[in-house]
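Per the UniProt record's numbering, the sequence shown starts with residue 1, numbered consecutively.
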Amino acid sequence: MSLEVKVPAVGESITEVTIAKWLKNDGDRVEMDEVIAELESDKATFELPAEAAGILRIVAQEGDTIEVGGVICQIEQDGAAASAPSAPAAEQAAAPAAAQGAAPAATTGGAGEAVEMKVPTVGESITEVTIASWLKKDGDHVEMDEVIAELESDKATFELPAEAAGTLQIVAQQGDTIEIGGLLCRIVPGAGQVQANAQANAKQEAATQAVAPQTAAAPSGAQTYASGTPSPAAGKILAEKGINPADVQGSGRDGRITKEDAQNAQKAAAKPAAAAPKQAAASEAPASTGDRNQRREKMSSLRKTVARRLVTVKNETAMLTTFNEVDMKPIMDIRAKYKDKFKEKHDVGLGFMSFFTKACTVALQEWPAVNAQIDGNDIVFNDFVDVSIAVSSPKGLVVPVIRNAEGLTLDGIEKEVVRLAKKARDGKLSIEEMTGGTFTITNGGVFGSMMSTPIINAPQSAILGMHNIVQRPVAVNGQVEIRPMMYLALSYDHRIIDGRESVSFLVRVKELLEDPMRLLLGV
């Protein structure tokens with residue numbers, strides 16, 4: 001009987017996948033649940049396990065793009081294969097029992113079944129996460145609610161607490177991208193030192209098998225199909241560097257080649273390549289002097305999402321930018337006069353961001369189209385002002401939100417800016433703190449930017465760009481004076497905001513900043 005293996009449903013928004021690599025050849029015998037291929041979507045790489053034991057007949061070739069539900073291959077079942085897996089499985093389970101004596105009793109029976117830990121739901125728009133780092137090693141004993149890993153999504157970083165006390169068994173490796181609900185690890189409740197020793201012995205056996213020459217094509221004895229097989233991330237690194245997986249020793253589970261193994265192999269392989277030019281230097285043209293090393297890093301989920309959203313905004317909005325300049329002397333005079341008393345009373349410094357935020361909230365209420373957004377065929381106007389503040393964090397640009405900024409005082413705004421900026425640098429921002437803004441302010445001036453055209457933070461319709469303050473000669477009452485000047489840039493969606501609204505909004509912000517008393521009097 002022949003069984004058709006089809007492309008599984010791997011996510012709501014994924015409609016097709018590409019066959020990245022066949023791990024088995026046409027005509028090979030495969031076992032039940034053995035990984036036979038790697039599939040790539042626009043979001044992640046997936047492994048395709050065999051749904052039965054038998055002879056593999058490949059239908060789709062490497063590089064082909066197949067829709068979800070399409071036939072990838074067929075497995076010819078030979079009758080005996082249906083019952084065969086159970087016997088070897090029993091023998092493999094019995095072998096460790098005989099070697100370890102009472103060891104299995106520590107992980108089963110009275111100790112309870114292993115607790116499977118899966119990727120939790122962390123937000124409505126998040127469909128997958130990347131394992132940023134494991135804080136515990138495979139085989140370590142963990143306590144209930146102890147943080148064992150850090151998960152990274154396209155918006156924030158989350159901590160993963162242990163759901164039970166016991167011995168940790170890692171399934172997904174660091175750097176892997178896992179969908180919501182995907183298996184991360186198992187925790188064997190009540191497992192003690194005997195379990196840890198058994199796992200250490202298993203690792204040592206796997207390492208010994210990986211060192212031995214890989215002369216047999218089919219797995220035998222203690223080897224499995226995973227021995228010498230790279231993970232998706234490791235496979236890509238090895239392919240890019242032209243390294244044969246057979247030349248790499250795997251340190252993962254069952255001898256699997258991990259991402260770290262591939263990176264180390266890349267470094268080791270670079271040494272012979274560096275020696276070749278030296279031998280040929282006498283007969284060829286002089287080589288370039290100095291180091292010419294390169295390094296390749298996988299884009300984080302945050303960076304990939306930011307890149308995708310920026311391109312989408314450029315393609316789907318009628319974005320236009322208008323400019324103006326502001327004389328910063330009045331605000332700088334106020335800060336110089338009151339900053340010490342302000343700090344003493346409110347326990348926070350008086351910066352420029354509070355003045356700009358307050359000025360924008362006033363102008364946004366006078367020009368509501370700048371604070372609105374398009375939703376299908378409707379325009380959504382907001383009676384409140386949630387200001388998004390662009391913050392540069394170690395992992396990329398994040399945009400936390402100051403809620404109801406129109407009702408905050410200068411010290412209230414400054415405290416929120418400090419709080420959100422600190423959480424961004426520590427990677428502790430929550431999803432709620434980065435969603436729902438109606439208008440964005442970004443300050444490129446802190447990095448020395450003189451003028452720029454910021455990109456709209458969708459689904460918002462406008463963003464204000466601040467720049468550096470430069471002493472320039474300007475005409476004041478018919479006289480040339482040196483003043484601290486700043487360029488302002490307002491990028492906006494021309495589909496919803498006309499030139500009149502955009503220019504009037506920016507002029508109003510300029511008036512409020514050059515005469516800060518207007519902010520206090522509300523005029």
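Don't be surprised by glycine CBs; every beta carbon is placed ideally from N, CA and C.
Item, Value
"Residues of its chain near Met32, where Cβ-Cβ distance is below 7 angstroms and the 5 sequence neighbours each way are ignored", "Ala50, Ala52, Ala53, Pro85"
"Assigned exposure category for His494 - 16 Cβ within 10 Å defines buried", "exposed"
"Collapsed DSSP secondary structure at Lys21 in the structure displayed", "strand"
"Counted within 10 angstroms of its Cβ, other Cβ atoms place Ile148 as buried (16 or more) or exposed", "buried"
"The segment 416-425 in contact with the segment 395-404 per 3-pair CB rule at 8 angstroms", "yes"
"Which residues DSSP lists as bridging Pro492, in chain order", "One detail in the question is off: residue 492 reads as Tyr in this sequence, not Pro. Tyr492 is bridged to Leu320, Ala462."
"As assigned by DSSP and simplified to three states, the class of His141", "strand"
"Whole-number beta carbon distance between Gln74 and Leu23, since they are thought to touch under 8 angstroms", "That pair is no contact at about 16 angstroms."
"Outcome for Val17 when other beta-carbon atoms lying within 10 angstroms are tallied against a minimum of 16", "buried"
"Cβ-based burial, Tyr338 [other Cβ within 10 Å; buried from 16]", "exposed"
"Beta-bridge partners of Asn443, as assigned by DSSP", "Met466"
"Per-residue DSSP class, three states only, for Ser83", "Because Ser83 carries a pLDDT of 40, less than 50, the predicted location of this residue cannot be relied on, and the following value inherits that uncertainty. Coil."
"Contact check, Val171 vs Leu183, beta carbons under 7 angstroms", "yes"
"With 16 other Cβ atoms within 10 Å as the buried cut-off, status of Glu240", "exposed"
"For Glu40 and Gly69, the rounded distance between their alpha carbons", "15 angstroms"
"Cβ-based burial, Ser133 [other Cβ within 10 Å; buried from 16]", "exposed"
"Contact the segment 311-324 vs the segment 488-507: 3+ CB pairs below 8 angstroms", "yes"
"For Leu519, three-class secondary structure by DSSP", "helix"
"Cβ contact check for the segment 332-346 and the segment 364-380: 3 or more pairs under 8 angstroms", "no"
"Pairwise C-alpha distance: Pro484 and Glu150", "45 angstroms"
"Uninterrupted alpha helix (DSSP H) stretches inside the segment 337-402 (no shorter than 4 residues)", "352-366"
"Distance, Asp498 Cα to Val523 Cα", "24 angstroms"
"4-residue-minimum alpha helix (DSSP H) runs that sit fully inside the UniProt domain \"Peripheral subunit-binding (PSBD)\" (229-266), ordered along the chain", "232-241"
"Segments assigned beta strand (DSSP E), at least 3 residues, entirely inside the UniProt domain \"Lipoyl-binding\" (114-188)", "115-118, 128-134, 147-152, 157-161, 166-170, 177-179"
"Straight-line Cα distance separating Val362 from Ala336", "24 angstroms"
"For Arg57, three-class secondary structure by DSSP", "strand"
"Among Ile72, Cys185, Leu519, Met451, nearest to Lys358 - alpha-carbon criterion", "Leu519"
"Local Cβ density within 10 Å of Ser83, reported as buried at 16 or more and exposed below that", "Because Ser83 carries a pLDDT of 40, less than 50, the predicted location of this residue cannot be relied on, and no value is offered for it."
"Beta-carbon proximity list for Met117, same chain, < 6 angstroms, skipping 5 on both sides", "Glu163, Leu184, Cys185"
"Cβ-based burial, Arg256 [other Cβ within 10 Å; buried from 16]", "buried"
"Secondary structure of Lys428, DSSP reduced to three states", "coil"
"C-alpha distance - Thr435 paired with Lys21, whole-angstrom precision", "38 angstroms"
"DSSP beta-bridge partners of Phe46", "Leu39"
"Reduced DSSP secondary structure (H/G/I, E/B, other) of Val5", "strand"
"With 16 other Cβ atoms within 10 Å as the buried cut-off, status of Asn477", "exposed"
"Per DSSP, cross-strand counterpart(s) of Pro330", "According to DSSP, which records beta bridges pairwise, Pro330 is partnered with nothing at all."
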